[in-house]
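Residue numbers (our numbering): 59 to 356. Worksheet: the structure to be examined is printed underneath.
Printed below as a string of structure tokens:
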């Protein structure tokens, strides 16, 4: 695991070898070595055992190692909005969220900042679970450097088709990379464990966002999860919150909301497979799921 002053980056699967100095951004993620943050606040729109009654302490990193054309966090993932900070300030932010009653510390899109998390959590065990909330495009080798530091992994599994991954996220190796990363996450956390209030203490929740016209892709993802993991080893979250976002002129098939029939078909498939987890209704595609990136809490 790299230190905060290392400049040759191979943290994410792109292994671009960028020279990321402490303050100068570079590489595919366009970020410096020190963290750039866009928001830190209690967040109530995760899965129920993550959000609980008081909210998850969500800390949003700017930049991204993926290139999803439909990203709802475009302001920070594509436009790089955020404020550079230090490791000491990040620790203060974490403690502030805990003091506000956060059920956990939820690091959102941390793939290109795994070295920062390793430094933050070296010698400090927060009194609440640590959540690694990721698009799933992670290197298993990099994740091994977080073993013992992360309690809950919250990865996407967006696609199992390389052509779709290339067209929609500029990452044709996404399927096999995400599968290997998720296997490593589950190895680290083991099966899901909850406290007396039903809040998740440890485990992995695999997420899949249904895309317009891609119910077949959702079924393939669910088939893989059902084959790969024993019942109870993971939870599965089938998300219906897709909203057309950004410039989709080159992807007209994505420039619409989900149809009710698409949601019903995917949810029925999940139920028939017997996957334990969560579903969303079509009404979930609303603004609250994309928080305002306005430097709150930074």
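Idealized CB from N, CA, C, for every residue including glycine.
Go ahead and label residue 145 buried or exposed: buried means 16 or more other beta carbons lie within 10 angstroms of its beta carbon, across all protein chains shown. Residue mapping note: residue 145 aligns to position 87 of the chain shown, counting from 1. Result: exposed.
For residue 201, which residues of its own chain have a beta-carbon under 7 Å away from its beta-carbon, when the five flanking residues on both sides are left out? Numbered from 1 along the chain shown, position 143 holds the residue referred to as residue 201. Here the set comprises 239, 242, 243.
Look up residue 212 in the DSSP assignment and give the residues it is bridged to. Translated into the one-based positions of the chain shown, residue 212 becomes position 154. BP columns for residue 212 point to 191.
Do residue 139 and residue 96 come within 8 Å of each other at the CB atom, strictly closer than that value? Translated into positions along the chain shown, residue 96 becomes position 38. Translated into positions along the chain shown, residue 139 becomes position 81. Yes. Within cutoff.
State buried or exposed for residue 104, treating a residue as buried only when at least 16 other CB atoms are found within 10 Å of its CB. Indexing the chain shown from 1 puts residue 104 at position 46. Buried, because 16 or more other Cβ atoms sit within 10 Å of the Cβ of residue 104.
Nearest neighbour of residue 302, chosen from 134, 270, 147 [CA to CA]: As a working note, residue 302 is residue 244 in the chain shown. Checking every option, the nearest Cα to that of residue 302 belongs to 270.
Run the CB neighbour count on residue 263, radius 10 Å, all protein chains shown included, and call it buried at 16 or more, exposed below. The residue labelled residue 263 in the question sits at position 205 within the chain shown. So residue 263 counts as buried.
If we call anything under 8 Å between Cβ atoms a contact, is residue 149 one with residue 353? Position 91 of the chain shown holds residue 149. Position 295 of the chain shown holds residue 353. For residue 149 and residue 353, no; Cβs fall outside 8 Å.
Contact between the stretch 275-284 and the stretch 299-317: three or more CB pairs below 8 Å? no
Opening and closing residue of the beta strand (DSSP E) in which residue 337 lies: For the purposes of this step, residue 337 is taken as residue 279 along the chain shown, with counting starting at 1. Element bounds for residue 337: 335-337.
Between the stretch 116-125 and the stretch 74-92, can you find at least three pairs of beta-carbon atoms closer than 8 Å? yes
Assuming the contact rule is C-beta atoms closer than 8 Å, residue 210 and residue 177 should be a hit. Round their C-beta distance to whole Å, please. In the chain shown, the residue the question calls residue 210 occupies position 152. In the chain shown, the residue the question calls residue 177 occupies position 119. 20 Å between Cβ atoms; not a contact.
Which listed residue (228, 291, 223) has its alpha carbon closest to that of residue 247: As a first step, residue 247 must be located in the chain shown, where it is residue number 189. Checking every option, the nearest Cα to that of residue 247 belongs to 291.
Taking 8 Å as the threshold (C-beta atoms), are residue 155 and residue 98 in contact? As a working mapping, residue 98 is identified with position 40 in the chain shown. As a working mapping, residue 155 is identified with position 97 in the chain shown. Result yes, Cβ atoms of residue 98 and residue 155 sit closer than 8 Å.
Suppose the cutoff is 6 Å on Cβ atoms and the five residues either side in sequence are ignored; what does the same chain contact list for residue 196 look like? As a first step, residue 196 must be located in the chain shown, where it is residue number 138. Result list for residue 196: 169, 239, in chain order.
Between the alpha carbons of residue 107 and residue 331, how many angstroms are there, rounded? Indexing the chain shown from 1 puts residue 107 at position 49. Indexing the chain shown from 1 puts residue 331 at position 273. Distance between the alpha carbons of residue 107 and residue 331: 22 Å.
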